[in-house]
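Chemist: One structure, pasted below without further comment.
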Amino acid sequence: MNTPLLQQVLDRTTPVDDSPASHLEVNFGLLDEYSKREIRRAILTAVAVPGYQVPFGSREMPVARGWGSGGLQISLAIVGPYDVVKVIDQGDDEGVNAVNLRRLIVSSTGIPESTTPEDSTLIQTRHRIPEDPLDERHTLVLQVPVPEPLRGVERDMRELARMHAEADYARMWVSLYEDKVRNGVITRTTGYPCLVNGRYVIATTPIPRWDVPRLHRSRFLALFGAGREKRIYAVPPHTDVEPLTFEDVPFEVEVTPGASCRTCSSTESFLVEIPGATAGDGGHWVCSDSDWCRRNRERLQHPSRGDRS
Amino acid sequence: MNLAIDPEARRMPAKVAACRFDALESQAIFKVMLDTTSRPGLILDLPRRIVDRIPSALAPLVVLADVETRVHVIDTPTFAWSEAVTSATGARPAQLNKADLIAVPADGREHLTSIFTFAHPGSAFSPESGARLMIGVNDIRSHGTSDSAGVELVIRGPGVEGERGLCIDGLTEADVNAWRTTNSRFPAGIDVWLTTEAGRIVAIPRSSRLDVVATWPTQERK
Amino acid sequence: MGYAAARGGLKAIEAAERLVARERVLGESQWLESKQMIEKLRLAVDRVMGEGGLWDEHLAASALRQAEGDPIEAAHLLRSYRSTLPRLAYTTPVDVDDLTVLRRIVPAFRNPPGPQLLGRTTDYTGRLLDTDDETSQRTAAEKMAAFIEENVTISKAIDGDAEPTDIRQPRRLLDLLRDLDAVVDRRRTDDPEPFDITRHPARPPATRSARLATMARAETGALVNVWYRNILGPDGYLHEITLGEVRHGRLPVTVIHPLTGDPVSISDVRVTEVEAIEDLNGIDEDRGRFDVGYGLCFGHNEKKAIAMANLDIACERDKGRSFLEQSILLTTDGLDASGFLEHLKLPHYVTFRSMMERKAAIRQFQENT
Amino acid sequence: MDRNRRSELLARANSSELTAMAEAFLSRRSIAEEIQVVNPPEVGMVMMQVREPVCKERFHLGEVVVTRAEVAVAGVRGWAMRSGTDRETTLAAALLDACAEHDVELAAEVQALCERTADRIAADERREWEELRATAVSFEELD
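Chains as they are written, first to last, in my numbering: chain F, 1 to 309; chain R, 1001 to 1222; chain C, 2001 to 2369; chain V, 3001 to 3143.
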């Protein structure tokens, strides 16, 4: 149908926008404003009540639930035109899921991306906290698959709600005690349960225990998004995050004696194992934070260039 | 029907438009709210272009208000902001003790003690139903001086390294006591943003512990 | 080196996308028209709209094409599309009595008031795989079309001989049972606000409106499975449900006209509706009466609506005693379940390394004691 | 035909008929110069609320994709909402609605279009029933 006059009227109604995001073909931050408002309300409650899992009307995102849809919703609800985004998965900026999420954030906002925390303001991550110390400039957004730390000791959601409301964590302590007695160590691996601000027990996503101390009285804001479970929670800066353990049982992070990064020789970062290709090959270790590893290597090779690359 | 000649009704469309923020304005205001909530007592600035067109205390409310929320906005002596806000956002007007979002512009500030008393703190089962208050005050400074007015507070808790001082011209000790009583059943409680007409903003969420360390008479409203 | 895996997930992702795009769009066959899918893969399109919670046949068909026929993936595309749209309005509450039937069967009675209308169905056709080629299938279909033409006599007059509305909108069986005082009366007069599952997570204990909305966009297979488990599974028990009615038909979409303030019907959606009659046999229940469960979902999807109606009444009778409500609210959403399942494919080497470390710590303790 | 009925029929009229008529109206100077777009055509959703029969409770069935527009011709407002994502056709429908309010002569043309639409819908429904009625199972009951 040829309708030039109608087209003219239609074209007239397309708003002229001189904002930095004017070239985008989608809403700034993809979500409609209505969705953002609801996520923002939940985020503010989460910060005001550290560790409480705030229910929210999780939106379906262009990534599957379980692939970071909660973290993505937080990032898109808070991101502004002057942010610089870094996205990692397992510590790696080039991980396939990290790449996918970064593409979505960048393409729907037009903001720059970086792999270096120094240059970033918004860091979305799955399963790691960057090795570099983060500070006031940074907001760390963690993707959470299962936000409920008490699920292992209680299946009924009504009872779980009561336990959190009354800060009744007795059964959690009992389960940790039994674990210790039976196995000699507390066998919790990643997502170690922590008490936030002396009030709520949270699941520290599945970050390794290695990263847990860096949430304690941190200088940055940490926001946790569970899209499928429709929960948002937060650890504000300068807030106590204490791993649940007993006085005589020190909290243990992952350490493998003698292991060092094959690429940068570090023994002070979280290392992951690269198994050998054959039975005789013992394999080796590398840093999980690939950008930190790269800079560490360059620092060792060219000490004069300083920290930046 | 004398609506047509009511000067307030004539101003309404422009004021409603002033209460509509675009995506980037909303983000900028929200970011300031997030930063202040994360660091209670830290003084930041609202975007200039917003405080130029509406009372600054309305900005944080409008950013969060929509058809899902119930709002209680105090009208000022010069304008019915409640109507402008609800028209612009679709939020439902509600009584003080039923409202999710409450805004008290600086020149509508009366009965503040009862507002702190009757604002809904939610419950331990749903802390998210606690009210958020946005209150316009005369002045916000990080510490008291010889010409101070109002109250000087010390804030401790999440988001504060050690403690942080804050001097608020526009609050009385009675206000703060009512506020602390409402927040005494954490995690139930109210979260508060204080703003000045110059666009300064500070947040004191319910997780903060407040102590009044000095008081002065509040200055006359300008 | 046998292959050069480029450092850079982006390059690998783009290469993978190119492979999909080429096959999906090019290949050796014709472009799959949306119209073709709406006509010929009608039930798949309907299922995608139902599970996506969004009615638009063209968008659902596009989603199905893009998802290479995977209905859950297509529902996901539709749902993430709806996250970018504003909600412009709510319809006025549509009374389901306004449903215009395209099909209506009443298993509970031989000759109910109103028709037993089979409509368009293969329920009573042998499930024989048709391996004939296109030409012979076309010839057969053309004969059937001709037969329909010969037997359809469309009345020319507009007034007078139009079918009475009680045939297109037959009285529901539930009302008949009410006339006979054979059913528990649970009609409410307080008209509570419906729970909005798209804005708030529905968690037990939930309202009935939250359960109904959850089931209306649940994944069909998941809902059928929860129903079946409730009947025959380890936590269920066999009980007799009689279907009062199964309907497929059109419901009007009615919004308030902003300039007149009156309701106007701007369009129709097709829905499947089911009433499930439950024989009450609990000690605390009214043994002299039946109770009724209700199912309604977008499109033509009888399996889903039947499961929904059965689970509605099962949940009502359960009264929170079991995990049934939690199962319905938390495990029947196709996107949630499949998304979580598929996320297992993502790298987990950081968490796995942490687990390996604990295993070693436990073994060391075992060796030392 | 009242205004509500007209909106219902403009919502269901053929896209090509609507846009052709809108194009013709726009070629008149009196319309082209006076048209004002109040709300540009916007694709969105309406949440479908249904009232179920067992407890007479409302619940949300799901959302329906619609496009909405509002225009004014010489200050006279016209509104349209149509299912689907066609912004141009929805704009055309809103324009016809405004024109019908604004001008008696144009109102007659819009009315004619609406009547054709009503006839087509009625004919489709009659045909649909004629086809369906053959699938009704009839049982002869002995009196």
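Where is the CB? At the ideal position from N, CA and C, for every residue including glycine. Everything numeric in this text was worked out from a predicted model, so none of it was measured.
#1: V2020 (chain C): buried (16+ other C-beta within 10 angstroms of its C-beta) or exposed?
#2: Determine whether the beta carbon atoms of G2299 (chain C) and I2306 (chain C) lie at a separation below 8 Å.
#3: Could you check which residue in V:V3046, V:M3045 and V:L3106 has the C-alpha nearest to that of L3022 (chain V)?
#4: How is Q3049 (chain V) classed by DSSP in three states: helix, strand or coil?
#5: By the criterion of Cβ-Cβ separation under 8 Å, what are the contact partners of L31 (chain F) in chain C?
#6: Which residues in chain V have a C-beta closer than 7 Å to the C-beta of P2115 (chain C)? List them in chain order.
#7: Run through DSSP, which three-state label would L2330 (chain C) get?
#8: Along the chain, where does the beta strand (DSSP E) containing F2298 (chain C) start, and where does it finish?
#9: Using the beta-carbon count (16 or more within 10 Å), is P2258 (chain C) buried or exposed?
#10: Considering only DSSP beta bridges, list what V2183 (chain C) is partnered with.
#11: According to DSSP, is P2252 (chain C) part of a helix, a strand, or is it coil?
#12: Mind pulling the chain C residues with CB within less than 9 Å of P3041 (chain V)?
#13: Taking Cβ to Cβ, would you say R2424 (chain C) is nearer than 8 Å to T2220 (chain C)?
#14: Return no unless some Cβ of chain V is closer than 8 Å to the Cβ of P2071 (chain C).
#15: I'd like to check one pair, D211 (chain F) with R158 (chain F): are the Cβ atoms closer than 8 Å?
#16: So what does DSSP say about T278 (chain F), is it helix, strand or coil?
#17: By the three-class DSSP mapping on this structure, what secondary structure does I1155 (chain R) have?
#18: Check the Cβ of V79 (chain F) against every Cβ in chain C and list those closer than 8 Å, keeping chain order.
#19: Please list, in chain order, the residues of the region 3049-3077 of chain V that have any C-beta partner in chain C closer than 7 Å.
#20: Measuring only the C-alpha atoms, how far is S1026 (chain R) from S1126 (chain R)?
#21: Since H2076 (chain C) and E60 (chain F) should fall inside the 8 Å C-beta cutoff, what is the C-beta to C-beta distance between them, to a whole number of angstroms?
#22: Check whether chain F comes within 8 Å of V1062 (chain R), counting only Cβ atoms and requiring the distance to be less than that.
#23: Check whether the region 2244-2264 of chain C touches the region 2349-2365 of chain C, taking contact to mean three or more Cβ pairs, one atom from each stretch, closer than 8 Å.
#24: Please report the straight-line C-alpha distance between G2339 (chain C) and D2333 (chain C), rounded to a whole angstrom.
#25: Would you decide whether H1143 (chain R) is buried or exposed? Buried here means 16 or more other CB atoms lie within 10 Å of its CB.
#26: Using the Cβ count rule (16 or more neighbours within 10 Å means buried), how would you classify F3059 (chain V)?
#27: Give me the subset of the region 3075-3097 of chain V whose CB atoms are less than 8 Å from a CB atom of chain F, sorted by chain position.
#28: Contact between the region 109-126 of chain F and the region 79-87 of chain F is defined here as three or more beta-carbon pairs at a separation below 8 Å; is this criterion met?
#29: Grouping DSSP H, G and I as helix and E and B as strand, with all else coil, what is E2367 (chain C)?
#30: A3069 (chain V) lies in the beta strand (DSSP E); which residues open and close that run?
#31: Would P1205 (chain R) and A48 (chain F) be called neighbours here (beta carbons separated by less than 8 Å)?
#32: Along chain C, which residues have their Cβ under 8 Å away from the Cβ of T190 (chain F)?
#33: Could you compute how far the alpha carbon of H2058 (chain C) sits from the alpha carbon of A2218 (chain C)?
#34: What does the alpha-carbon distance come out to for the pair A2162 (chain C) and R3126 (chain V)?
#35: For the pair the region 1009-1018 of chain R and the region 1074-1088 of chain R, tell me if three or more CB-CB distances fall below 8 Å.
#36: Measure the Cβ-Cβ separation of R58 (chain F) and G184 (chain F) and say whether it is below 8 Å.
Modeler: Straight from the coordinates:
#1: Within the third sequence, residue 2020 (chain C) is the residue found at index 20, counting from 1. Looking at its Cβ environment, which holds fewer than 16 other Cβ atoms inside 10 Å, V2020 (chain C) is exposed.
#2: Locating residue 2299 (chain C) in the third sequence gives position 299, counting from the first residue. Locating residue 2306 (chain C) in the third sequence gives position 306, counting from the first residue. Not a contact, by the Cβ cut-off of 8 Å.
#3: Indexing the fourth sequence from 1 puts residue 3022 (chain V) at position 22. Before going on, a small fix: residue 3022 (chain V) reads as Ala here, not Leu. Cα-wise, what sits closest to A3022 (chain V) is V:L3106.
#4: Residue numbering aside, residue 3049 (chain V) sits at position 49 when the fourth sequence is read from its first letter. Strand at Q3049 (chain V).
#5: For the purposes of this step, residue 31 (chain F) is taken as residue 31 along the first sequence, with counting starting at 1. The answer, in chain order, is S2083 and T2084.
#6: Translated into positions along the third sequence, residue 2115 (chain C) becomes position 115. Residues of chain V passing the Cβ test: A3136.
#7: On the third sequence, position 330 is the one that residue 2330 (chain C) refers to. Reduced to three states, the DSSP call for L2330 (chain C) is helix.
#8: Here residue 2298 (chain C) corresponds to residue number 298 of the third sequence, with the count starting at 1. First-last of the beta strand (DSSP E) with F2298 (chain C): F2290 to F2298.
#9: As a first step, residue 2258 (chain C) is located in the third sequence; it is residue number 258 there, counting from the start. It counts as exposed.
#10: As a working mapping, residue 2183 (chain C) is identified with position 183 in the third sequence. The partner list for V2183 (chain C) (beta bridge, DSSP) reads C:F2290.
#11: Position 252 of the third sequence holds residue 2252 (chain C). Three-state DSSP puts P2252 (chain C) in a strand.
#12: Indexing the fourth sequence from 1 puts residue 3041 (chain V) at position 41. Those within 9 Å of P3041 (chain V) in chain C number zero; the least Cβ separation is about 11 Å.
#13: The structure shown does not extend to residue 2424 (chain C), since chain C is modelled only from 2001 to 2369, so the question has no answer here.
#14: Looking up residue 2071 (chain C) in the third sequence gives position 71. By this cut-off, P2071 (chain C) is not an interface position.
#15: Here residue 158 (chain F) refers to the residue found at position 158 when the first sequence is read from its first residue. Here residue 211 (chain F) refers to the residue found at position 211 when the first sequence is read from its first residue. No.
#16: Along the first sequence, read from residue 1 onward, the residue named residue 278 (chain F) stands at position 278. Coil.
#17: Here residue 1155 (chain R) refers to the residue found at position 155 of the second sequence. Strand, per DSSP.
#18: As a first step, residue 79 (chain F) is located in the first sequence; it is residue number 79 there, counting from the start. Under the 8 Å cutoff, chain C gives no residues; its nearest Cβ is about 16 Å from V79 (chain F).
#19: Q3049, V3050, R3051, E3052, P3053, V3054, C3055, K3056, E3057, R3058, F3059, H3060, L3061, G3062, E3063, V3064, V3065, V3066, R3068 and R3077
#20: The residue you call residue 1026 (chain R) lines up with position 26 of the second sequence. The residue you call residue 1126 (chain R) lines up with position 126 of the second sequence. Looking at the two C-alpha atoms, the distance is approximately 26 Å.
#21: The residue labelled residue 2076 (chain C) in the question sits at position 76 within the third sequence. The residue labelled residue 60 (chain F) in the question sits at position 60 within the first sequence. About 7 Å; that satisfies the 8 Å criterion.
#22: The residue given as residue 1062 (chain R) occupies position 62 in the second sequence. With 8 Å as the cut-off, V1062 (chain R) does not count as an interface residue toward chain F.
#23: no
#24: Within the third sequence, numbered from 1, the residue matching residue 2339 (chain C) stands at position 339. Within the third sequence, numbered from 1, the residue matching residue 2333 (chain C) stands at position 333. Each residue's Cα considered, the two are about 10 Å apart.
#25: Indexing the second sequence from 1 puts residue 1143 (chain R) at position 143. The residue is exposed, with fewer than 16 neighbouring Cβ atoms inside 10 Å.
#26: Translated into positions along the fourth sequence, residue 3059 (chain V) becomes position 59. Buried, because 16 or more other Cβ atoms sit within 10 Å of the Cβ of F3059 (chain V).
#27: R3087, E3088, L3091, A3092 and L3095
#28: yes
#29: The residue given as residue 2367 (chain C) occupies position 367 in the third sequence. Looking at E2367 (chain C) - three-state DSSP - the assignment turns out to be helix.
#30: Looking up residue 3069 (chain V) in the fourth sequence gives position 69. Residues R3058 to V3073.
#31: In the second sequence, residue 1205 (chain R) corresponds to position 205, counting from 1. In the first sequence, residue 48 (chain F) corresponds to position 48, counting from 1. A contact, by the Cβ cut-off of 8 Å.
#32: By one-based count along the first sequence, residue 190 (chain F) stands at place 190. Simply V2350, T2351, S2354 and M2355.
#33: Working through the third sequence from its first residue, we reach residue 2058 (chain C) at position 58. Working through the third sequence from its first residue, we reach residue 2218 (chain C) at position 218. Straight-line Cα distance between these residues: approximately 21 Å.
#34: In the third sequence, residue 2162 (chain C) corresponds to position 162, counting from 1. In the fourth sequence, residue 3126 (chain V) corresponds to position 126, counting from 1. With a pLDDT of 49 at A2162 (chain C), under the threshold of 50, the modelled position of this residue cannot be trusted; read the value that follows with caution. Those two C-alpha atoms are separated by around 8 Å.
#35: yes
#36: The residue labelled residue 58 (chain F) in the question sits at position 58 within the first sequence. The residue labelled residue 184 (chain F) in the question sits at position 184 within the first sequence. At residue 58 (chain F) the sequence reads Ser, which differs from the Arg that was named. No; because the gap between Cβ atoms is not below 8 Å, this pair is not in contact.
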